[in-house]
Structure formats: C-alpha cells, structure tokens
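Notes follow the structure.
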Amino acid sequence: MKKNKVAILGATGSVGQKFIELLSNHPWFEIDELAASDKSAGKKYSDAVNWVMQIPLDKKIAGMDVKKCEPVLNSKIVFSALDASVAGTIEEDFAKAGYIVISNARNHRFDDDVPLMVPEINSNHLEIIKIQKFEKGAIVTNPNCSTIGLVMALKPLDDEFGIESVNVVTMQAISGAGYPGVPSMDIIDNVIPFIGGEEDKMEIEPKKILGKITGGKINYATITISAQCNRVSVIDGHTECVQVKLKKKTSKEEIIKAWNNFSAEPQKLKLPSAPEKPIIYLEDEKYPQPRIHRNLGKGMSVSIGRLRECSLFDYKFVILSHNTIRGAAGGTILIAELMKSKGYLDKYL
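Taking our numbering as reference, the numbering of the sequence shown is continuous, increasing by one, and the terminal residue is 447.
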C-alpha cells in the first residue's frame, strides 16, 4: 500500500511529539511536513523542540524544517495538535483550502457539521462531513481525553440496557496538562480538584458521541451526566470512578459480558492502531491501576474493574485509559485510519 503523506500542526508540543512517536513506521501514513508557531518556523525540528518522548528522536524527523501553520503545505492530510487558543481559525483555513484536518483540539467539537469521533462508537458520524461548508476540505475532531474512556465504557451498556444518568469523578494524569504542565509545587503531595473547562466537556461530549444521526443532523443522547474532575500525581493514565443508572434492570454478569464481547468497526477492519480488545475487564478488586494497565493494547485499550451494585444508582465501576495515546494522538490516528479504510481520504483529496 502506498503511504499517504501527512503533516502535523503544533508539532513541537507534547501531543505533536506523541503523533510523531506513534506515526513512526506507520503502515499507512508517512510524516512529510511539520508545522508550529512562528517562533519555531524556519528552524530545524531538533532545534525547535524540547523532545520529551521516551524513544529517541528520529534523525529524519530531527532534520526537517519546521513550517508555519498556513495552508500552503504539500500534505493534504493534516493532524492538528494545536493549542485551543489558536486552533479554531487555523483549522478552518486549512479545511477551506481543501485539507482534511483531523484535530485533537476542542474548538470545533460542537460544530453541528463536525463529527466528534471515537471510531469504535460512532463511525457512522463520518457521514456528517458530506454537508460541511468547506467543499473540498473537512474537519473531524477527537474528543477530550477523559471523555473517551468514559464513552467506551458506556457504549456497550447503552446498546444493551440503555442509560438514564451517569455520575463520574476523574483522577487525571499530569500529562493531560501538556508540557511543562502543572508546577511541581502544586501537584506533589497534592490533588487539584479543578481542571478548567473539563467538567463541562465531560457532561456534554458523550451526548454528541452517543447521539444518532437523523435528517443529516446529530441528535444528542438524552443522558444526564454529572462530572467532577481532579488532577493527580500520575504521569499517564486517567482513572474515572463511574456510577450509572440503567433503563433496563440487569445483572453484573450481563454487564461484564457486554464489555468483554464489545467489538466494533476498527476491529472488524483490522485497522493498524485498533486494539484487538477495545475494552478489558479486570477481575482483581484492586484493578485497574495506571502504572500497571495504561499500556494495555499498546495504550489503546480501556480497562474497567470493580463493578458492583450502587446504593444510589444501579452500578458503579472504575475506568482507566491512556490519555495521550487513546485519549489524544492514538485516537486521532485511529480516526484517520477509519477514514482511509472507508474511502473518505481518497474521496476528499
């Protein structure tokens, strides 16, 4: 298969670096261009970046010239790791110029004609890009990192039993704040019970992702969600304590069966970044734990444990997902793989 050349916007940041790490030797995509802020543009990538990934920086990537985030790039497939302060207009400019923008930024997540994608959950939402205002280009977005773990756990339950309401309390890793992130004096020996804008995202994003398309429009799911978000002293891996009220009464065994049997379009298509098991239920009552389980499925599987009855809701359980892989760059790359397998990249290029 001939590889599609891709560009990365915001390539010097932590998510941009994770894109580079995960796209190294990718069977379908090849990094051809890197773009970043004006202060980095014109420099060699190795001179512009503070490389914080665990693998060494590839010499070919290191020698690339960093370009401006302007729609004059050769690569028509663009991964956006831009900060939300600048992403909105830049991504629109690229889409209007005929580029396919697959974004990790929040700016366009709630646009009516922009899919908010988790490939295992709402692959059919790609249909919406047909009515986007960008003509030859398109924007598709990846959800918030904490949202992804939550909706992966909720989807099988919603399909089988229906969901009325959800309460979720997160313990989110410091890498979710980017680099250099949270000051050490704030996070060491501490929990920060506030992450700006995070609770609003978690209460609204799942409703769009779990929504249905009717009449060319995404109708949001009618689930009540309450979220509380905390930053904790863990490097990678978001933990979430969840309570759910179901529409249909069921047993613990049936819920675990629904999770264990869950498989979707990415698994059927055997997409390169898709884990064989998107959800892994762990029986040990002490699991899941970030240090032990965040890299299951190469960081793309969501771990669930501690399912038990709840005196306020019906059931409660714990979720763990890797926030920079499944929750950011890896999830965004999986969207691109789905688009390619479904012919959307060829159609819009």
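The beta carbon of each residue, even a glycine, is placed where N, CA and C say it ideally should be.
{"Query": "C-beta atoms of Asp256 and Gln230 nearer than 8 Å", "Result": "no"}
{"Query": "Which of helix, strand or coil DSSP assigns to His124", "Result": "coil"}
{"Query": "Three-state secondary structure (DSSP) of Glu258", "Result": "helix"}
{"Query": "Residue(s) in a DSSP beta bridge with Arg406", "Result": "Lys414"}
{"Query": "Identified DSSP bridge partners for Ala105", "Result": "Glu131, Val176"}
{"Query": "Euclidean distance between Cα positions of Gln270 and Gly294", "Result": "12 Å"}
{"Query": "Through-space distance from His206 to Phe259, alpha-carbon basis", "Result": "31 Å"}
{"Query": "Range of the contiguous beta strand (DSSP E) that encloses His338", "Result": "It should be pointed out that residue 338 corresponds to Glu in this sequence rather than to His. Segment 336-344, the beta strand (DSSP E) holding Glu338."}
{"Query": "For Lys166, the three-state DSSP class (helix, strand or coil)", "Result": "strand"}
{"Query": "Per-residue burial, Gln115 [other beta carbons within 10 Å of its own, 16 or more giving buried]", "Result": "buried"}
{"Query": "Lys315 - containing beta strand (DSSP E), residue span", "Result": "315-317"}
{"Query": "Gln326 in three-state terms, based on DSSP", "Result": "strand"}
{"Query": "Straight-line Cα distance separating Ala160 from Phe127", "Result": "18 Å"}
{"Query": "Host beta strand (DSSP E) of Ser144 (start-end)", "Result": "From DSSP, Ser144 is part of no beta strand (DSSP E) but of the alpha helix (DSSP H) over 143-146."}
{"Query": "Element boundaries [beta strand (DSSP E), containing Lys396]", "Result": "No beta strand (DSSP E) contains Lys396, which DSSP labels as neither H nor E."}
{"Query": "Boundaries (first-last residue) of the alpha helix (DSSP H) holding Ala193", "Result": "182-194"}
{"Query": "DSSP-derived helix/strand/coil call for Val280", "Result": "coil"}
{"Query": "Three-state secondary structure (DSSP) of Ala236", "Result": "strand"}
{"Query": "Glu301 versus Met162: straight-line alpha-carbon distance, rounded", "Result": "40 Å"}
{"Query": "Three-state secondary structure assigned by DSSP to Ser263", "Result": "strand"}
{"Query": "Cα-Cα separation between Asp284 and Asn328, rounded to whole angstroms", "Result": "13 Å"}
{"Query": "For Tyr379: DSSP bridge partner residues", "Result": "Ile402"}
{"Query": "Neighbourhood of Glu297 by C-beta distance below 7 Å, restricted to the same chain and skipping five residues each side", "Result": "Ala325, Gln326, Cys327"}
{"Query": "Run of the beta strand (DSSP E) containing Lys310, from where it starts to where it stops", "Result": "310-312"}
{"Query": "Those residues which DSSP pairs with Val113 across a bridge", "Result": "Bridge partners of Val113: none, in fact."}
{"Query": "Per-residue DSSP class, three states only, for Thr245", "Result": "helix"}
{"Query": "Residue environment, Met99, which counts as buried when at least 16 other CB atoms sit within 10 Å", "Result": "exposed"}
{"Query": "Under the three-state DSSP convention, the category Glu152 falls into", "Result": "It should be pointed out that residue 152 corresponds to Gln in this sequence rather than to Glu. In the structure shown, Gln152 sits in coil (DSSP, three-state: anything other than H, G, I, E or B)."}
{"Query": "Buried versus exposed, by CB contacts within 10 Å (16 or more), Ser439", "Result": "buried"}
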